[in-house]
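Following: one structure in structure tokens, then a few remarks.
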Amino acid sequence: MPKPIIAVPADIREIEGAVWHASPNQYVQAALKVAGAMSFIVPAFEDGNEIDAILDRVDGVLVSGSATNVHPSLYGKEAAEGDGPFDPARDATSLPLIRRAIDRGIPLLAICRGIQELNVALGGTLASEIQEQPGIWDHRKPNVPERDKAYAIRQPVIVQEGSCIANYLGLAGEIQVNSLHRQAIAETAPRLKVEATAEDGTIEAVSVIDAKNFAVGVQWHPEYWAETDAPSRALFEAFGDAVRAFAASRTRVSRGEPAFPEPA
């Protein structure tokens, strides 16, 4: 069976005066080497993308982190100075892609900005500059030149017993992660269940309550150490398993067979 294909919504970047549709290498590499899936980068447009046409051609969706933030107007707030940078084309691509993937039962993994987009897409809100709130840690990326040090695994999170994340990781309780962000979920969307939190109460993982398939978001960065860190690898492997199962069901349907045959 050929490798399944996942959609990865692009960021808009300007490089030497040219506009690029881009995605960080760590995500597509983790998808290929650990999840066993090929990535298609979905161009980010403020209008014109046909979401169902995209999803008709893929077996999963991976929503990556980014240096940009979801625009506050999308969750009923006014943008304050310092809330940016923003990427309206990414917002206009990712949010409907997330909603339709969930509706259609297409496996979804949302990371960092992705978990924030997942929350906003389903009706939740975000908090900015959380390190300024009483009792909240400074979750921002350390100001060091070496990326490996910046993305080092250093923070504990508590995974809830019986959660989807616990099932995928094969464990509950405390794990160590690399969570780097200055925004976080404020009001959790009604369709989301909190699956893991930092010791300061910051929401670090969620799942979609009524999802037909794998649909989780994490605030940390499992893609960075997916080949060497056991929890990071387990999450990407679980996503890959869900994507392959979905691709196989799609193949069976195309042959006129039941999508999920009864066990022998």
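Each residue of the sequence shown is one higher than the last, beginning at -4 in my numbering. Glycine included, each C-beta is placed from N, C-alpha and C at the ideal position. Quick caveat, the model's predicted, so the values are computed rather than measured.
Can you tell me the Cα-Cα spacing of residue i and residue j, whole angstroms?
{"i": "Ala221", "j": "Ala181", "result": "28 Å"}
{"i": "Gly165", "j": "Cys159", "result": "10 Å"}
{"i": "Arg95", "j": "Asp47", "result": "7 Å"}
{"i": "Gln214", "j": "Cys107", "result": "4 Å"}
{"i": "Val248", "j": "Tyr22", "result": "30 Å"}
{"i": "Arg245", "j": "Leu187", "result": "26 Å"}
{"i": "Phe81", "j": "Glu156", "result": "36 Å"}
{"i": "Val65", "j": "Val115", "result": "8 Å"}
{"i": "Ala17", "j": "Arg8", "result": "7 Å"}
{"i": "Ala191", "j": "Asn162", "result": "12 Å"}
Would residue i and residue j be called neighbours here (beta carbons separated by less than 8 Å)?
{"i": "Ala30", "j": "Gly212", "result": "no"}
{"i": "Val152", "j": "Ala167", "result": "no"}
{"i": "Gln126", "j": "Ala193", "result": "no"}
{"i": "Ala84", "j": "Glu41", "result": "yes"}
{"i": "Leu121", "j": "Gln111", "result": "yes"}
{"i": "Ala32", "j": "Ile10", "result": "no"}
{"i": "Gly12", "j": "Tyr70", "result": "no"}
{"i": "Phe209", "j": "Pro102", "result": "yes"}
Nearest chain C C-beta to residue i closer than 8 Å, yes or no?
{"i": "Ala179", "result": "Absent here is chain C; the protein component of the structure consists of one chain."}
Are there 16 or more other CB atoms within 10 angstroms of the CB of residue i, so buried, or fewer, so exposed?
{"i": "Val53", "result": "buried"}
{"i": "Ala200", "result": "buried"}
{"i": "Ile170", "result": "buried"}
{"i": "Val14", "result": "exposed"}
{"i": "Gly55", "result": "buried"}
Determine the extent of the alpha helix (DSSP H) in which residue i is found, giving its start and end residues.
{"i": "Ile160", "result": "Cys159 to Leu164"}
{"i": "Val53", "result": "It is not in any alpha helix (DSSP H) - Val53 carries neither H nor E in the DSSP assignment."}
{"i": "Asp6", "result": "Segment Asp6 to Ile10 is the beta strand (DSSP E) holding Asp6; no alpha helix (DSSP H) there."}
{"i": "Leu92", "result": "Pro83 to Arg99"}
{"i": "Val23", "result": "Asn20 to Ala25"}
In the DSSP assignment, the beta strand (DSSP E) including residue i goes from what residue to what residue?
{"i": "Gly109", "result": "Run containing Gly109: none in the beta strand (DSSP E); it sits in the alpha helix (DSSP H), Arg108 to Ala116."}
Under 8 Å, with one C-beta from each stretch per pair, do the stretch 169 to 187 and the stretch 131 to 140 reach the 3-pair mark?
The way I'd put it, the stretch 169 to 187 does touch the stretch 131 to 140; three or more beta-carbon pairs between them come closer than 8 Å.
Is the stretch 84 to 94 touching the stretch 1 to 10 in the sense that three or more CB pairs, one from each, lie closer than 8 Å?
Contact between the stretch 1 to 10 and the stretch 84 to 94 is present, with at least three C-beta pairs closer than 8 Å.
Is there contact here, the stretch 8 to 28 with the stretch 55 to 64, by at least three beta-carbon pairs under 8 Å?
These segments touch.
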